[in-house]
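Numbering follows the working numbering, with no gaps: position 192 of the sequence shown is 432. For glycine and all other residues, C-beta sits at the position ideal for the given N, C-alpha and C. The structure appears right after this line, and notes come after that.
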Amino acid sequence: MGAASRVADRTDDDREAAAAILRDLLGARLVLVTGKGGTGKTTFSAALALLAAAKGRKVLLAEIDSQRPALTPVFGQAPTFDGVAVTEHLTVANLTWQDALQAFLRKLVPSRRIVKLILTNRVVSRFLDFTPGSQEIVTLSALGERVESYDLVVADMPASGHAFSLLDITRSAMGLFRSGPVRTRASELRALLIEPSTRVALVGLPEEMVVNETIETYAKLDKFGLLSRAPAVFLNRATLPTFTDDERSLLARLGKQELTELQEEFLRAGRWEDELEQATASSRHRLAEAIPIRPVLVPPSTAGGTSAGSVQAVAAHLGRLVGIGRKQLGWPA
241 MGAASRVADR TDDDREAAAA ILRDLLGARL VLVTGKGGTG KTTFSAALAL
291 LAAAKGRKVL LAEIDSQRPA LTPVFGQAPT FDGVAVTEHL TVANLTWQDA
341 LQAFLRKLVP SRRIVKLILT NRVVSRFLDF TPGSQEIVTL SALGERVESY
391 DLVVADMPAS GHAFSLLDIT RSAMGLFRSG PVRTRASELR ALLIEPSTRV
441 ALVGLPEEMV VNETIETYAK LDKFGLLSRA PAVFLNRATL PTFTDDERSL
491 LARLGKQELT ELQEEFLRAG RWEDELEQAT ASSRHRLAEA IPIRPVLVPP
541 STAGGTSAGS VQAVAAHLGR LVGIGRKQLG WPA
């Protein structure tokens with residue numbers, strides 16, 4: 241079998257594996273998406289939500305206590321705590337701490353007047369500010385409640401380090417509080433995180449530091465029992481393999497010859513492309529060795545860097561893997 245045939249077979253295997261991973265995510269009840277800052281986790285969160293909505297599922301795409309919602313430029317509307325519908329089946333929300341606290345207290349205290357007094361009391365405010373895990377538990381509680389109202393909730397989590405702390409606070413809170421509503425809610429949320437219908441998706445880049453953090457995040461989530469199963473991993477901006485061994489040998493030979501300026505330019509372009517492919521191959525290998533599920537490779541977006549364009553490009557690429565066309569996405573006007 242020639243090198244080109246091996247590359248084609250590997251690509252087919254990758255496509256089938258990626259399609260299976262996507263179908264699993266789109267069939268979940270809660271998907272938590274995180275990754276090192278700048279990897280594109282918001283883009284992938286939105287793309288997954290759009291694909292699930294295209295399949296007719298009632299979907300909520302939620303940011304977690306974001307002061308500057310990243311979803312606003314994507315959909316052209318600012319997400320609110322209660323949610324804003326952006327397509328027939330897709331709602332976007334921003335689960336802010338203050339709104340989540342009001343909702344949390346209203347479940348515990350039937351009187352709205354008393355809730356208002358609690359929220360405006362300085363002593364209570366200071367207590368909440370300095371009580372370990374109180375904000376995280378309340379915010380996670382708002383997320384957990386949404387799962388009961390939607391077919392799928394996709395959570396655009398904070399960057400990986402913060403996301404781990406946010407999720408692991410359920411364990412810490414159970415150790416801090418022997419009884420009471422906080423411990424009860426922490427226990428319920430912990431159970432939700434390891435439900436068979438809950439998934440984690442990690443977004444990375446073919447860069448050494450990002451791959452290191454992706455692997456470390458998986459290891460911590462696994463060590464502290466925060467995974468129902470191995471997470472999906474999206475290797476964003478991956479350069480898919482095209483060069484054969486013979487072509488790489490040709491690049492090396494050309495580098496030893498005298499070339500015209502135009503030929504040198506083509507050679508530099510070829511070397512640059514080869515370096516990107518090699519970085520992708522190395523990152524893919526490391527991720528596959530460390531995490532039981534092979535990474536899904538997603539090529540760079542050609543959308544010009546716009547938020548909405550990047551989401552469309554990623555959603556279209558992933559959609560092709562599971563038979564969802566661009567027109568089915570129901571993108572808002």
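- For I455, the uninterrupted alpha helix (DSSP H) run begins and ends at E448 to K463, by DSSP.
- Sixteen is the threshold: since fewer than 16 other Cβ atoms of the shown chains lie within 10 Å of the Cβ of G277, the residue is exposed.
- With respect to the 8 Å criterion, V538 and L475 are classified as neighbours on the basis of their beta carbons.
- Per DSSP, the beta bridge partners of D396 are V273 and E303.
- Between T454 and V324, the alpha-carbon positions lie close to 32 Å from each other.
- When the alpha-carbon of T336 is set against those of T327, H329 and I304, the nearest one is in I304.
- Only residues of its own chain outside the window of five on either side were considered, and among them R566 have a CB closer than 7 Å to the CB of A556, listed in chain order.
- If you look at L335, you'll find it isn't in any alpha helix (DSSP H); it sits in the beta strand (DSSP E) that goes L330 to L335.
- Taking the CA atoms as reference points, D252 sits about 46 Å from A413.
- A distance below 7 Å between beta-carbons, with the five flanking residues on each side excluded, links F404 to the following residues of its chain, in chain order: T457, K460 and L461.
- Residue T283 holds the alpha-carbon nearest to the alpha-carbon of T312 among T283, I434, A553 and A258.
- In the three-state reduction of the DSSP assignment, A293 falls in the helix class.
- Around the Cβ of I564, a 10 Å sphere holds 16 or more other Cβ atoms; the residue is buried.
- With respect to the 8 Å criterion, L301 and L330 are classified as neighbours on the basis of their beta carbons.
- Shown here, V326 sits in coil according to DSSP, grouped into three states, outside any helix or strand.
- When DSSP states are grouped into helix, strand and coil, A472 belongs to the strand group.
- When secondary structure is reduced to three states using DSSP, A343 falls in the helix class.
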